[in-house]
Amino acid sequence: MTFRTPTGGTIDRNTLLHFTFNGRKLTGHPGDTLASALLANGVHEVGSSVKLGRPRGIVAAGSEDPTSLVQVEEPFPEPMLLATTVELFDGLVARGLAGQGRLAPEPDPARYDAKHEHCDVLVVGAGPAGLAAALTAARSGARVVLVDEQNQAGGALLGVDEYLDDRPSAAWVADVLAELRSTAGVLVLERTTAFGMYQDGFVLALQKRTDHLGFAAPAGVARQRVWRIRTRQIVLATGAHERPVVFAGNDRPGIMLASSARTFLHRYGVLPGSRAVVFTTNDSAYCAAIDLAESGVDVPMIVDARPEAPARLATECAARGIEVRAGHVVIGTEGAGRVTDAHVAPLDGVAGHCDTVVCDTVLVSGGWNPVVNLFSQARGKLRYDAELGAFVPGEELETVRVAGSATGELDLTACVRQGRNAGASAAISAGFTPRGQMPLPVSDSRCTSRSGLVLWRVPGDDDASFVDLQRDATVADVLRATGAGLRSLEHIKRYTTIGTAHDQGKTSGMIAAGIVAEALGVELADQRPTTFRPPYTAVSFAALAGRDRGELHDPVRVTAIHPWHVAHGALFEDVGQWKRPWYYPQAGEDLHTAVLRECKATRESVGMMDGSTLGKIDVQGRDAGKFLDMLYTNMMSTLKVGRIRYGVMCGVDGMVIDDGTVIRVGEERYLVTTTTGNAAKILDWMEEWLQTEWPHLDVHCTSVTEHWATIPLVGPKSRDVLAAVAPDLDVSNEAFEFMTWHDTHVAGVPARVCRISFSGELAYEINVTAWHGLAVWEALMAAGEQYGITPYGTETMHVLRAEKGYPIIGQETDATVTPQDLGMSWAVSKKKPDFIGKRSFARAENNRTDRKQLVGLLPVDPSVLLPEGSQIVETDRLPEPPVRMLGHVTSSYPSAALGRTFALALVRSGHERIGETLYVPVEDSLVPVTVTESVLYDKEGARRDG
Amino acid sequence: MQLIPCPWCGPREEAEFHYGGQAHVAYPEDPSALTDEEWAQYVFFRENPSGPFAERWSHSAGCRRWFNAVRDTRSHDLLAVYRAGEPMPEVLS
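Going down the list, the protein sequences come from chains A and B.
Each residue of the first sequence is one higher than the one before, starting from 1088 at the first, in the numbering used here.
Each residue of the second sequence is one higher than the one before, starting from 42 at the first, in the numbering used here.
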């Protein structure tokens, strides 16, 4: 049986669309939503409720619908959509949900993007008020953006068959729209929901660009777009949502908001059912009843909770054979699935008196809730309007105006006037002069704008009276909350979960507040409504991510030598945004075997790594030395040109923040290196001190990280390799001392070679411009071939430095570690009167003997590898909790050089415990370890000079 | 997203800025002359008012300059911005 009317609506009846719902093949027309097409086919049961598994239908016609959750399966799986906002297209496959959907297991092939828009006046909502506001602002010459969530302008006019100025209202809408579209500087966006209001006129809106095209969506067009709108002035013409009344059994499919049924009729040419009982507290539902009756629906009764029915409308109803029961309410319904009967009784609750009316539809109207979500997001205060039974905008904001039924106004002409005024004043505030006032249209609506009776619920079975149909939250749940002592609506919302579903309580929130006020015996005017937060309607993460996914999610930084690493099978490690070679596995090697090979080759012959990611800051100026003396714990101003010094930086609290080498390039010029991950942070740190504390210092800092390719050449044979490619350079130990640098040519290109070692081996760090990095790397590989030169990655670097007890900032340190804790008192100047952190070293806390200090750990069983991060305890048996933790393992590796495993750790009183046996819980056992000094290899430093 | 009026660049989106905590907390002239408590006041203690608060901002993704702003912590409204080294302007809360 079809519930499609023979004529009417804005659907294209000449075109048939085929779709599948819950496995059933059905048809509809262009212009339908999935919901209207389902109703046209007599399908009311869409899904089931999340907790109780009760059938759920279609309550509203738009985005406020609490129940019609579906999962679209084809063309691409997308969960948690509302049947009322999914536009029908040919081939759509969808199914109803039980409150939860399923994300697609495969990547979404659609594209999503974002666009920035700047305007003078943003109007949200293209109903009568919004159109009037937009046109008035546009005529003033302001740049106007008008957004509306529907696929066509008109707002509430889309759901009625009323006339404006003796013409169908659609003609009025079309005229306004045509003028807007032909006005320069006006942007009208349909299918675009303003979902978030932020400060300073920043509004986010989601535009659904190709969703409605389904399989016919063109490739290469972003499916959805997030508009990032920055506007001077905002007019909110967001309309009002009809509010239901809660009664026992109010959740059955077939029970629908009266105005929504009217919308289904007039916009889609769909009847909600065959026999409808109308339950109302105000006049507006009479229009729905009369319209439906005239369209062939049997309307046996209007149940009006008010003691007296409106005389004129009641007469009109009587003429159509509709009985009007004033002072009555629906107290319950029947039906295994869809509603089959409504129980009607007097509101004053005369016991036993109850009529049962057979029906397949119950239309409900409890009044109107202005859509104040965006106003509230804009931090506008709300006020309770007792006549409406709703929160309305309660103050004027500087840049946000509200117009139309969003203010609580119900009269159409008055709404248009408000829109016109709001548009004019917004334009004036944005610096424009309104021109050519638009005339107010005259409506033929037979429904008066009178407010009705405020009725939250009909007393009855609390457990069957649903407040939030999506959350299965009932009146009983609300009373449990108030009974448990909760008074704040925010708390009750969280306790009951009312208003936390996809619809964010658009139809349930106000009622919940009303029931709470009744239960507590307080005035709603004294209750603070729950805070509305973005998004107004659900927004997918894909849309928010836009183009920022995959490779575009975050910049990937690679060095000049990167292609070589890729070509030679390196595995990469992410260090900040950098891709660094982690290790270079040969056939059959895993991490451990590859790293042991790389370490052995480097310590016994020669290895090489790409150190280009090391942060490099060029520090210049007359006061550069003085400045670095304040930043580093040791003295830098005394460094001679041509020499290099290792330095440690601390925060004012005395905790290590970074380390690296400082090269004195000239009298007024230093090159500072930082750890890879801290390069930007340290540059910021320098700028902060220079700009905010010492602006009188003549110092300038520039990041030169990417200008240089840096290649550490490491191992006893490094001198021979370097000599082969740097013929101008005297590489002898006497001519080229440790911690000095020379400018020369390497492989024929200008190079700065530093004698620095992060491994304890004889080592050179070759710096060339990034442009030459790859060529120089290849030349070094060729020159080292006879020595079996071995490229190594960050893992081998970590092992080599750990064997020497060199800490890695961020691995051995965690912002609670001083240089002294690291055993680096030697790097802390005693001569300098001050430097950042110095005063903190004298604090009692930093002089406690039980501070955690860096030590080495040797597992008694040399084959046991301690997991990094393991805790360290004192006893070989765990006492009752709480167990005293002495510290944790910071680094742990197998060592080729030591022929065993080893670890570095931060341990309480670590320096005093050298020689002690401690225990490391690993899974179910306690592993005994011997505490040692942190330097485990070549303690005397014999290898440094080759 | 809030607009922050950089005194050098004009209004820019807050994502371009980096927060620097309370303003006008000078590095002590002679830290060694301070007691532990005085030093701890400098290192660890900051105001946390409900209302106007002078604080430091850096236009880190723009001109990279540090400047000061008076922000009402209740509303996030920026009541004044001024360049580093300039005195705090009088603002009405």
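Note that CB positions come from ideal geometry on N, CA and C, so glycine has one too.
Query: Other residues of its chain near A:G1698: CB distance less than 8 Å, five sequence neighbours each side excluded; Result: T1797, I1798, P1799 and E1852
Query: The region 1389–1399 of chain A touching the region 1348–1360 of chain A, judged by at least three CB pairs closer than 8 Å; Result: no
Query: DSSP three-state assignment for A:M1284, whether helix, strand or coil; Result: strand
Query: Identified DSSP bridge partners for A:V1322; Result: A:V1210 and A:R1488
Query: Terminal residues of the alpha helix (DSSP H) in which A:D1830 lies; Result: Where A:D1830 is concerned, there is no enclosing alpha helix (DSSP H), although the beta strand (DSSP E) it sits in stretches over W1828 to V1833.
Query: Residues of its chain near A:E1421, where Cβ-Cβ distance is below 6 Å and the 5 sequence neighbours each way are ignored; Result: T1427 and D1428
Query: Beta-carbon separation (whole angstroms), A:F1108 vs B:M42, contact threshold 8 Å; Result: With a Cβ gap of about 40 Å, A:F1108 and B:M42 do not count as contacting.
Query: Beta-carbon proximity check, A:S1227 vs A:A1571, cutoff 8 Å; Result: no
Query: Residues of its chain near A:T1856, where Cβ-Cβ distance is below 8 Å and the 5 sequence neighbours each way are ignored; Result: H1794, W1795, A1796, V1836 and P1837
Query: First through last residue of the alpha helix (DSSP H) which encompasses A:S1463; Result: N1460 to Q1464
Query: Distance between B:D113 and B:S134 (C-alpha atoms, nearest Å); Result: Interpretation of B:S134 is limited by its pLDDT of 48, a score under 50 that renders its predicted location unreliable; no figure is taken from the coordinates.
Query: Cross-chain neighbours of A:P1782 in chain B, by beta carbon under 9 Å; Result: A125 and G126
Query: Bridge-paired residues (DSSP) for A:Q1311; Result: A:Y1199 and A:K1295
Query: Minimum Cβ-Cβ distance from A:A1766 to chain B less than 8 Å; Result: no
Query: Within the region 1784–1817 of chain A, ranges of the beta strand (DSSP E) (whole runs, at least 3 residues); Result: 1787–1790 and 1795–1801
Query: Short Cβ contact (8 Å threshold) for A:R1141 with A:D1298; Result: no
Query: Proximal residues of chain B, C-beta to C-beta of A:D1287 below 7 Å; Result: Q43 and L44
Query: Beta carbon proximity, A:Q1873 to chain B, threshold 8 Å; Result: no
Query: Cutoff 8 Å: B:Y60 Cβ touching any chain A Cβ; Result: no
Query: Best match in A:E1691, A:R1574, A:P1966 and A:H1353 for proximity to A:P1803 [C-alpha to C-alpha]; Result: A:E1691
Query: Alpha-carbon to alpha-carbon, A:M1525 and A:L1222; Result: 8 Å
Query: CB contact flag (A:S1347, A:A1147, <8 Å); Result: yes
Query: Inter-residue Cα distance where the pair is A:L1251 and A:S1532; Result: 9 Å
Query: Close beta carbons around B:C28, own chain, < 7 Å, minus the five adjacent residues each side; Result: An answer regarding residue 28 of chain B cannot be provided, because it is not within the stretch 42 to 134 covered by chain B.
Query: beta-carbon A:G1747 near the ligand PLP non-hydrogen atom, thresh 7 Å; Result: Absence of the ligand PLP from the depicted structure is noted, as is the absence of any ligand whatsoever, leaving it without description.
Query: Minimum Cβ-Cβ distance from B:P48 to chain A less than 8 Å; Result: no
Query: Chain B contact for A:D1921 (CB, 8 Å cutoff); Result: yes
Query: Chain B contact for A:K1202 (CB, 8 Å cutoff); Result: no
Query: A:R1644 versus A:Q1664 - alpha carbon distance; Result: 6 Å
Query: 8 Å Cβ cutoff, B:S134 in contact with chain A; Result: With a pLDDT of 48 at B:S134, under the threshold of 50, the modelled position of this residue cannot be trusted, and the question is left open.
Query: With 16 other Cβ atoms within 10 Å as the buried cut-off, status of A:L1184; Result: buried
Query: Identity of the residues DSSP links to A:G1134 by a beta bridge; Result: A:R1143
Query: A:A1688: first and last residue of the uninterrupted alpha helix (DSSP H) it sits in; Result: L1678 to E1691
Query: Contact set between the region 1745–1773 of chain A and chain B, restricted to residues whose Cβ is under 8 Å from the partner; Result: D1771
Query: B:A95 at chain A interface by Cβ criterion, 8 Å; Result: no
Query: Within 8 Å, strictly: CB atoms of A:R1310 and A:R1296; Result: yes
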